[in-house]
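Our numbering applies: residue 37 is where the sequence shown begins, and numbers increase by one.
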Amino acid sequence: MDIIPISEWLPSKQQGKPMIVAGPCSAESETQILSVAQTLAESRGVHLLRAGVWKPRTRPNSFEGMGEKALPWLVKAQQEFGIPFIIEVANGTHVKKALDAGIRHLWVGARTSVNPFSVQEIADALEGEDIPVLVKNPLNPDLQLWIGALERIHAAGIKKLVAVHRGFSTYQKQLYRNAPNWEIPIELKTTYPQLEILVDPSHIAGRRDLLHEVAQKGFDLGFDGLMVETHPNPDQALSDPKQQIALEQFDDFIAALETKQPHFNDQITQDKLVHLRRLIDELDRGLLENLKHRLEIVEQIGDYKAEHGVTVFQLERWRTIIQDRLEYARKAGMDDELIRSVWNEIHKASIRLQTDVVNRKLES
Ligand code: PEP
Ligand code: MN
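What follows is the structure, given as structure tokens:
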């Protein structure tokens with residue numbers, strides 16, 4: 037996928053610095069929108085303002101967003117404070133209404149990215165438009181479905197494409213509202229290194245007291261920015277009241293996050309890293325040499341077993357080996373699981389090797 041980096045279409049976003057999208061879960065009134073826009077325009081490092089206009093709600097009869105009557109509020113705030121708004125679209129009509137009103141940044145929500153028909157309808161409505169689109173992960177932990185949604189939007193000609201990780205639904209009650217399954221966005225990044233991924237700590241955590249740790253984890257893992265819900269009066273919010281942080285606390289929230297660079301910038305730390313990596317290289321070489329030697333001995337034993345008609349696999353011997361290695365590991369304070377899985381693999385390889393030796397002997 038050819039993707040244009042955020043810093044090339046959003047002038048306020050510096051290369052290498054995290055992208056911050058912030059704003060209320062839902063647009064509720066013109067006053068709320070103007071107050072959010074005014075505060076965040078003065079705030080450090082907010083690049084894009086968010087607000088939900090059409091809200092996908094789990095149950096009917098909950099607040100379903102102000103709908104298109106909120107669009108002029110957002111457009112007014114964009115003009116007055118000079119930061120664009122981004123809104124969620126769930127079908128082709130939403131896309132058309134947003135674009136007609138002058139909203140030119142859109143996101144696809146988790147309840148939509150799960151459905152290829154809806155994503156395709158949005159993609160069709162976007163055909164020929166040159167606007168940024170953010171695609172949240174689908175509700176269920178399915179990387180291919182997320183990739184599929186990104187591909188459909190991309191195939192409509194959208195190159196200002198960004199992914200948003202908002203966690204995954206689970207039936208089991210747990211600390212976070214949505215399970216982070218960090219390995220999924222990491223795998224997405226590995227598949228498409230040029231695709232920038234934002235983390236949405238609000239929908240992952242579901243509680244404002246857990247926002248910091250989730251956002252920090254996102255930065256520690258090297259993701260490219262955040263989408264955070266913030267509201268002038270979170271407890272009175274018409275949607276997601278528990279997870280939104282007060283507008284007045286937003287700056288402190290961002291300031292408390294430590295951003296990490298992919299490389300060390302001072303020479304001493306860099307030298308130390310080089311030294312430690314050399315040490316790792318040496319230790320790995322030692323591991324490889326030992327492993328090679330071990331396999332040679334295993335082969336000799338295979339020969340010996342074949343000559344004397346003894347079975348390749350001997351349960352007692354395997355039990356002794358694994359018990360001995362685990363006991364050593366425990367005394368040395370090493371992780372049981374690691375030792376068990378490493379020796380399982382070594383043992384499997386040894387059995388394979390000896391079986392080959394025996395078969396060769398039988399053939400000759
Ligand atoms: C939202 O951002 O308010 C929202 C509905 O998010 P999601 O699609 O991640 O549930
Ligand atoms: Mn929300």
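Virtual Cβ for every residue (Gly too), placed ideally from N, Cα, C.
When burial is assigned at 16 or more other CB atoms within 10 Å of the CB, is residue i buried or exposed?
i, result
"Leu142", "buried"
"Thr226", "exposed"
"Glu232", "buried"
"Leu398", "exposed"
"Pro229", "exposed"
"Ser377", "exposed"
"Arg213", "buried"
"Pro96", "exposed"
"Ala113", "buried"
"Arg243", "exposed"
"Leu315", "exposed"
"Gly145", "buried"
"Asp236", "buried"
"Val394", "buried"
"Val72", "buried"
"Leu351", "exposed"
"Glu78", "exposed"
"Leu110", "buried"
"Gly203", "buried"
"Phe286", "buried"
"Ala291", "exposed"
"Ala159", "buried"
"Met55", "buried"
"Gly338", "buried"
Going by C-alpha to C-alpha distance, which of the options sits closest to residue i?
i, options, result
"Glu64", "Gly338, Leu327, Asp339 and Ser275", "Ser275"
"Val264", "Trp45, Gly81, Lys209 and Pro96", "Gly81"
"Val250", "His201, Leu70 and Met102", "His201"
"Ile139", "Phe121, Leu186 and Val171", "Phe121"
"Leu46", "Leu84, Leu76, Gln252 and Gly52", "Leu84"
"Asn173", "Gln114, Phe153, Arg188 and Arg147", "Arg147"
"Lys53", "Ile357, Leu293, Lys384 and Lys308", "Leu293"
"Asn176", "Ile240, Gly118 and Ser79", "Ile240"
"Pro60", "Val346, Pro270 and Gly345", "Pro270"
"Glu39", "Val169, Glu157, Gly118 and Gly254", "It is Ile, not Glu, that sits at residue 39 in the sequence shown. Ile39 has its Cα closest to that of Val169, out of Val169, Glu157, Gly118 and Gly254."
"Glu165", "Leu181, Ile189, Val171 and Trp182", "Ile189"
"Glu343", "Ile123, Ser400 and Leu331", "Ser400"
"Leu211", "Leu246, Ala199, Asp307 and Ile222", "Leu246"
"Ser98", "Gln51, Ile42, Thr129 and Ser62", "Ser62"
"Asp256", "Asp287, Gly128, Ile222 and Glu373", "Ile222"
"Ile382", "Gln336, Lys328 and Glu363", "Lys328"
"Lys89", "Gly118, Ala215, Ala126 and Arg361", "Going by the sequence as given, residue 89 is Val instead of Lys. The shortest C-alpha separation from Val89 is found at Ala126."
"Ile69", "Gly338, Ala273 and Leu319", "Ala273"
"Ile387", "Pro268, Gly118, Glu124 and Val334", "Val334"
Can you tell me which residues form a DSSP beta bridge with residue i?
i, result
"Glu265", "Gly59"
"Lys172", "Val200"
"Glu124", "Trp143"
"Leu234", "Val200 and Gly261"
Assuming residue i and residue j make a contact with CB atoms under 8 Å, what is their CB distance in whole Å?
i, j, result
"Leu234", "Leu262", "6 Å"
"Leu107", "Lys132", "In fact, because the Cβ distance is near 12 Å, the residues do not count as touching under 8 Å."
"Arg86", "Ala58", "7 Å"
"Gln280", "Thr295", "That belief does not hold up - the Cβ atoms of Gln280 and Thr295 are roughly 23 Å apart, past 8 Å."
"Ala185", "Val155", "5 Å"
"Ile194", "Leu162", "6 Å"
"Lys91", "Glu100", "5 Å"
"Ile375", "Ala365", "4 Å"
"Leu283", "Thr75", "5 Å"
"Val171", "Ser205", "Between Ser205 and Val171 the Cβ distance is about 17 Å, and since that is not below 8 Å, they are no contact."
"Leu389", "Leu331", "6 Å"
So, with DSSP's three-state summary, where would you put residue i?
i, result
"Gly118", "coil"
"Ile19", "Residue coverage of the chain in this structure runs from 37 to 400, which leaves residue 19 outside it and unanswerable."
"Arg86", "strand"
"Trp182", "helix"
"Ala215", "strand"
"Ile139", "coil"
"Ala159", "helix"
"Ile304", "helix"
"Ala282", "strand"
"Asp320", "helix"
"Asn380", "helix"
"Gly254", "helix"
"Ser149", "helix"
"Ser386", "helix"
"Glu223", "helix"
"Gly345", "coil"
"Asn97", "coil"
"Glu66", "helix"
"Gln350", "coil"
"Val274", "Residue identity differs from the one stated: residue 274 is Leu in this sequence, not Val. Coil."
"Ala106", "helix"
"Ala192", "coil"
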